[in-house]
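Please read the structure below before turning to the comments.
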DNA sequence: ATAGGGTTAG
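Residue numbers (my numbering): 337 to 1095.
Printed below as a string of structure tokens:
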């Protein structure tokens, strides 16, 4: 066609009919459009609005917004049709903002919109989730009478469904004189998406009564709606009903039902659907393949998942993403990373989902530094993070207290305007709390416009971890005044905060009224909190009888809580009871053996210490290596206990010797009880020098400005010697030092620690 | 010329 069109433009015979013919051809390329435009200008044909209008839609289809917008302004007397052409073009291309912009020009020209243009305008409001403007248009349609049009009405139904105003949608629907299949389907899928199973079925029944035949889109909309709202079983059942009603599911149906099958983890159904896909020959549909891979991944069938991937006819980024997250979901992090790297090697175009999946995989499986690095690489490669990427990344920052990285992500959130997301907000709260900046966490919390229960729990959990029980209780009361109901996580924060701050009575009160006053039945973790609460207060017998009388079989957390309390209060008898239970429940957890031996060592019972050490040895178990992280000048340093490989190790040990000497001079001798071995005192000191948190603190002292705050993260509980050492350092060096261990924050200042030496 | 359904990341 292009040859013919160009021949027309090359002639100097400017018969309007010839050009008109060429402009009526389905599409012209952009250069051809420009050529036609030039010719129209030269020949003066622009006075006929038909040509200009045609040019408008051509420019719009080539995404030449400024050209199209200029052109329409050049028309002396534009009519509704000129504007409509452009609006239709924009709305079809999902350029909703542009569409609405043109519509407002139509209005400002005092032109009267017709029933044909309104649906595209409402569709644009729908696409932008702009309920306000949509409602205005609705109002206009009511007063002008355009509302009687079926297309206008069904676009309004869609607007309200999309903007979560299902009641409005139903009202518009009820006012329709003759509901059509489109409006019915939209309303049905809207109810399904709102988890309103009964209403969806009611409207479905009503459309049948009215003689409106449901079609494939109706059924698919229901399946998709139930899937999206988490009614997975319902989605699968509707899929069945659809087949029983004589419909042949297509690619859309299958792609909608498979995620639901995956969630219900019923691989037999999944295999059936897979078989159907093969039979119908829709296995080359990209969405179908991705959904199959996803389903097998969710059903823990990594083999089948890989097989579907390997057999797919054409590589597709969606399928690759499903594969990566499938591996990650099953804990196969190396496979996930390999698949991701293969993707890059094959120069497959990675999208934001690919990057977000792999970042999530790393931050959820202890590969925090890798996650941060991938986030950097993502931006280098030109893919923009979005409101999902950030909550996947932030836990990695929090895990290793990479505050600067977290702040950079926060800056990104503010610049890109995604801070309204509750996911982003609660992830920021968690990150700041985990980085020891509880006040910044609070600022994020206070600035949120909408908060869900996760946000409330995040800030309360943050304060609890910092041992600020009063703040937790204050937030809890604020929450009571809001419309959010506390859940079991809320009470875990409350109880652990009370135990960390020694508010024993208040903690017991919360425990006693959580079921009665708030309808939250205590779970086993709440009993564990109660044991810690009583244990910390020295009420070890009460703690023990709590365990004996609780309505659950006590688990490792509960016995672990008792054992820790026994360490604080040097109770050998109960420690042995708890430890023996723990050795039964988790024989391969070295932490329990270490804790018991520390309790023995603290009382000088070296024979017992040896016995525990031999137990560990005979089981081939080693103490988990202690590991600490500290962020210095935007770089995260990792230090392992006893590891001398750090480039600054000579300086670190020198500084540590100096500090130890100062401590001795001032009579603050190191406590040498927290070592596993019974060795000569001097050697003990040497082993203590190697504890990772100590190394990290000293590294921080050497590389940061005087008196600045230090922040260290440790993978195990802080040991007593290091605790004493750091208290001393905080006084001698006039430093605030935050250390987060597996349990809580220790805030060292002026020679004291916020935990009050109970932990 | 106008209105409805799908996959993969939290």
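The beta-carbon is built from N, C-alpha and C at its ideal position, and this holds for glycine as well.
* Asked: Quick one: does the C-beta of residue 458 sit closer than 7 Å to a heavy atom of the ligand HEM?
  -> Questions concerning the ligand HEM fall outside what the structure shown contains, since it holds no ligand whatsoever.
* Asked: Where do the ends of the beta strand (DSSP E) carrying residue 963 lie?
  -> 963–968
* Going along the chain, which residues of its own chain have a beta-carbon closer than 6 Å to the beta-carbon of residue 634, five neighbours each way excluded? -> 598
* Going along the chain, which residues of its own chain have a beta-carbon closer than 8 Å to the beta-carbon of residue 1078, five neighbours each way excluded? -> 1050, 1051, 1052 and 1053
* Asked: Per DSSP, residue 1084 is paired with what?
  -> 1073 and 1089
* **Contact belief for residue 593 with residue 559 at Cβ below 8 Å, rounded distance in angstroms** => 5 Å
* Spatial distance of residue 697 from residue 544 (CA atoms) -> 47 Å
* Asked: From residue 958 to residue 1071, what distance separates their C-alpha atoms?
  -> 34 Å
* **Closest by C-alpha distance to residue 399, when choosing among 415, 582 and 432** => 432
* Asked: Can you tell which of 493, 502, 501 and 528 has its C-alpha closest to the C-alpha of residue 517?
  -> 493
* **Cβ-based burial, residue 390 [other Cβ within 10 Å; buried from 16]** => buried
* To do: Tell me whether residue 820 sits in a helix, a strand or coil according to DSSP, three-state version.
  => coil
* Asked: Can you list, in chain order, the residues of its chain whose CB lies under 7 Å from that of residue 1085, leaving out five sequence neighbours each side?
  -> 1066 and 1072
* To do: Please list, in chain order, all residues of the same chain as residue 988 whose beta carbon is under 8 Å from its beta carbon, the five residues on each side excluded.
  => 982, 1031, 1034, 1035 and 1038
* To do: Output the distance between the C-alpha atoms of residue 339 and residue 428, rounded to the nearest integer angstrom.
  => Because residue 339 sits at a pLDDT of 39, beneath the cut-off of 50, its placement in the model cannot be relied upon, and the following sentence gives the value as read from the coordinates. Those two C-alpha atoms are separated by around 28 Å.
* Asked: Are residue 826 and residue 865 close, meaning C-beta to C-beta below 8 Å?
  -> no
* Select from 986, 1091 and 734 the residue whose C-alpha is nearest the C-alpha of residue 873. => 1091
* **When 1029, 1068, 1094 and 1057 are compared against residue 1074, the one with the closest alpha-carbon** => 1029
* Asked: Any idea what DSSP makes of residue 973, helix, strand or coil?
  -> strand
* Note the first and the last residue of the continuous beta strand (DSSP E) segment covering residue 1050. => 1046–1050
* Could you give the uninterrupted runs of the alpha helix (DSSP H) lying entirely in the stretch 404–449, keeping only those of 4 residues or more? -> 416–428 and 432–444
* Asked: Whose C-beta lies closer than 6 Å to the C-beta of residue 921 among residues of the same chain, with five residues either side of it excluded?
  -> 892
* Evaluate contact between the stretch 721–740 and the stretch 963–970, counting only Cβ atoms and requiring at least three cross-stretch pairs below 8 Å. => yes
* residue 900 versus residue 965 - alpha carbon distance -> 24 Å
* To do: For residue 614, count neighbouring C-beta atoms within 10 Å of its own C-beta (all shown protein chains included) and say buried if the count is 16 or more, exposed if not.
  => exposed
* To do: Just mark residue 836 as buried or exposed, buried being the case when its beta carbon has 16 or more other beta carbons within 10 Å.
  => buried
* Is residue 765 closer than 8 Å to residue 725 when the C-beta atoms are compared? -> no
* So, helix, strand or coil for residue 1009, using DSSP? -> Because the pLDDT of residue 1009 is 49, which lies under 50, any placement of that residue in the model is unreliable, and the question is left without a value.
* **Bounding residues of the alpha helix (DSSP H) (the contiguous stretch that carries residue 712)** => 704–716
* So, is residue 887 buried or exposed, given that buried needs 16 or more other C-beta atoms within 10 angstroms? -> exposed
* In this structure, does DSSP put residue 1018 in helix, strand or coil? -> Residue confidence is low: residue 1018 scores 43 on pLDDT, short of 50, so the model does not pin down where it sits. Its coordinate-derived value is still stated next. Helix.
* Beta-carbon contacts of residue 583 that lie in its chain and below 7 Å, excluding the five residues immediately before and after -> 552 and 555
* Using CA coordinates, which residue listed in 667, 487 and 659 is at the minimum distance from residue 676? -> 659
* First through last residue of the alpha helix (DSSP H) which encompasses residue 652 -> Neither: residue 652 is in no alpha helix (DSSP H) and is coded neither H nor E.
* Asked: So, are the CB atoms of residue 453 and residue 416 less than 8 Å apart?
  -> yes
* With respect to the alpha helix (DSSP H) encompassing residue 699, which residues constitute its N-terminal and C-terminal limits? -> 688–700
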